[in-house]
Structures are given as C-alpha cells and as structure tokens.
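**Q** Structure provided below as structure tokens; questions to follow.
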Amino acid sequence: MIFEDRAHAGQLLARELARYAEPDVLVLALPRGGVPVGAEIARALKAELDVVIPRKIGAPGDPELAIGAVSGNGAVILNEELVRVLGVPEAYIREAAARERVEIRRRSLLYRGRQPAPRVKGRTVIVVDDGIATGYTMLAALRGVRQEGPAMLVAAVPVAPPDSIAKLEAEADEVVALSTPSHFFAVGQFYQDFSQVTDEEVQAILAEARVPVRPPGPADDSSPNDGPLRRPE
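In our numbering, the protein residues as written are 90 to 322.
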C-alpha cells in the first residue's frame with residue numbers, strides 16, 4: 090500500500106479507528122511526522138489532539154539506527170540485544186538520554202507553550218505516528234502514556250513491519266496498522282510525498298485543533314462531517 094501523503098494516510102487510518110469515536114477519546118501524535126496523520130484521525134473522530142514526545146537514541150556513528158528511546162516522562166527503553174552487539178558503552182547511553190530529555194522539554198514548550206498536557210487517566214488514548222521501523226520510539230511513547238492510567242491504549246500507524254507490530258502488541262491494548270509489509274526498508278518508501286514536517290506546521294496544526302467548534306443549534310442546519318466507516322483488515 091502506497092499513501093499519497095500523511096494526510097491521506099490519516100484519513101485511511103481514521104476509518105479503521107471509527108469505533109473509537111466517543112466523547113472522551115484523545116489522539117496523541119508523535120511529532121513531527123505523526124501530527125498530520127493524527128490531525129486527520131482527530132478530525133474524523135471529533136477527538137482532542139495533542140502530542141506525545143518520545144525521542145530516539147541513535148547508535149554511535151549512525152544516529153538513524155535506533156538502539157532505544159526516551160519516553161515523554163524521561164524513562165529509557167533499550168534494544169538490549171543491539172546495544173550488546175554494537176558494544177555501546179553505558180556512558181554513551183546516559184549522555185544520549187540526557188540530551189534527549191532536554192530536547193523533549195524544548196519541544197514540549199515549543200508545541201504546547203503554556204498549555205497543560207491533556208488528561209490521560211481514564212480515557213481512550215490513540216497514539217499515532219506516520220509509520221514505524223524498529224518501533225522503539227513508539228514503544229517509549231506507549232509506555233510513558235500507560236503510566237498515566239488510560240482506560241484503553243491504542244497504537245495506530247499506517248505502516249510497520251510485522252516484528253515491530255509484535256513489540257507494540259505487548260504494550261498497547263490494540264494495535265491498528267493499515268499495512269505490515271515483510272519487505273520493509275524505510276517508512277518513506279510507502280509514501281508518494283514524504284516531505285519533512287516543520288515545527289511551524291506542527292504548531293499550526295495543534296493551534297487549529299485547539300479552536301473550539303461551536304455545536305450546531307436548533308436553527309443551524311449545518312451538519313458535522315460524517316464519521317468514517319471501519320474497513321475490516
């Protein structure tokens with residue numbers, strides 16, 4: 090399956106998540122690429138949209154290779170086998186985790202400003218990204234959110250390899266993925282347009298999502314957008 094762009098992926102994913110269209114659902118997107126996807130889901134489900142900000146820990150000399158991640162609350166999750174195979178020093182992991190905690194705080198302030206983080210406890214929470222490769226960043230996000238006590242925790246991605254899906258299934262109550270190809274090299278190969286999402290775009294999407302929508306009154310003949318239908322996998 091090839092997606093036109095992140096918005097298209099979000100629209101398709103929203104159909105699979107239609108059964109979660111309830112009054113107190115919360116969509117948490119991983120910035121930056123997950124935010125346009127999450128925005129489409131939140132719009133379709135009429136849900137609150139916010140961000141969850143885990144950060145990848147890259148391997149020494151190869152920052153794109155994830156050896157683990159730091160969750161939004163600062164906890165570190167490691168791919169212990171990869172760390173052992175690469176011989177990554179403990180000091181490197183400590184220093185990298187400290188840097189990423191600083192970046193998490195910076196991005197939280199950048200994206201939320203003075204807005205408080207949304208309430209998670211007792212809610213259905215859908216954690217969204219534009220795709221996953223190793224799965225450790227999403228795993229960190231799920232573990233961090235789980236600690237806040239959601240009633241239901243759902244991981245939702247347009248595309249991910251089967252082994253990464255298996256990791257997420259151990260953390261989430263449900264994992265929803267549109268495509269799980271066995272031949273997986275990078276998330277971008279499944280998008281026609283995988284342009285980088287900027288911080289400014291994330292800020293604009295979140296600002297738009299925070300604008301309250303006035304419900305139609307008796308004299309208002311406008312109707313809300315029809316919710317998506319779930320397409321069985």
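C-beta atoms are modelled at their ideal positions from N, C-alpha and C, and glycine is treated no differently.
Note that the coordinates shown come from a computational prediction; the quantities given were computed from them, not determined experimentally.
Using beta-carbon positions only, say whether residue 164 and residue 261 come within less than 9 Å of one another.
**A** No, they are not a contact pair.
**Q** Between which residues of its own chain and residue 192 is the CB-CB distance below 8 Å, once the five residues before and five after are set aside?
**A** So the qualifying residues of the chain are 144.
**Q** Quick test of the definition: if touching needs 3 or more C-beta pairs under 8 Å, does the segment 247-259 touch the segment 213-224?
**A** Touching, yes, given that three or more Cβ pairs across the two stretches are closer than 8 Å.
**Q** Using 10 angstroms around the beta-carbon of residue 176, count the other beta-carbons present and answer buried if the total reaches 16, otherwise exposed.
**A** Exposed is the call here.
**Q** Between the alpha carbons of residue 161 and residue 137, how many angstroms are there, rounded?
**A** Taking the straight line from one Cα to the other gives about 19 Å.
**Q** What are the uninterrupted segments assigned as beta strand (DSSP E) that are 3 or more residues long and contained completely in the segment 193-262, given in chain order?
**A** For the segment 193-262, whole beta strand (DSSP E) runs of length 3 or above, ordered along the chain, are 213-217 and 241-248.
**Q** Taking only three categories from DSSP, how would you classify residue 144?
**A** Looking at residue 144 - three-state DSSP - the assignment turns out to be strand.
**Q** Using a 10 Å radius around the Cβ and a threshold of 16 neighbouring Cβ atoms, would you call residue 139 buried or exposed?
**A** Answer is buried; the Cβ neighbour count reaches 16.
**Q** Can you give me the Cβ contacts of residue 100 inside the same chain, cut-off strictly under 6 Å, excluding the 5 residues immediately before and after it?
**A** These residues qualify, in order along the chain: 129.
**Q** Do the CB positions of residue 167 and residue 142 come within less than 9 Å of each other?
**A** Contact flag unset, no.
**Q** Run the CB neighbour count on residue 271, radius 10 Å, all protein chains shown included, and call it buried at 16 or more, exposed below.
**A** Exposed, since its Cβ has fewer than 16 Cβ neighbours within 10 Å.
**Q** Does residue 174 come out as helix, strand or coil in the three-state DSSP assignment?
**A** The answer is helix: DSSP assigns residue 174 an H, G or I state.
**Q** Quick check on the DSSP output: the alpha helix (DSSP H) that includes residue 105 runs from which residue to which?
**A** Element bounds for residue 105: 95-105.
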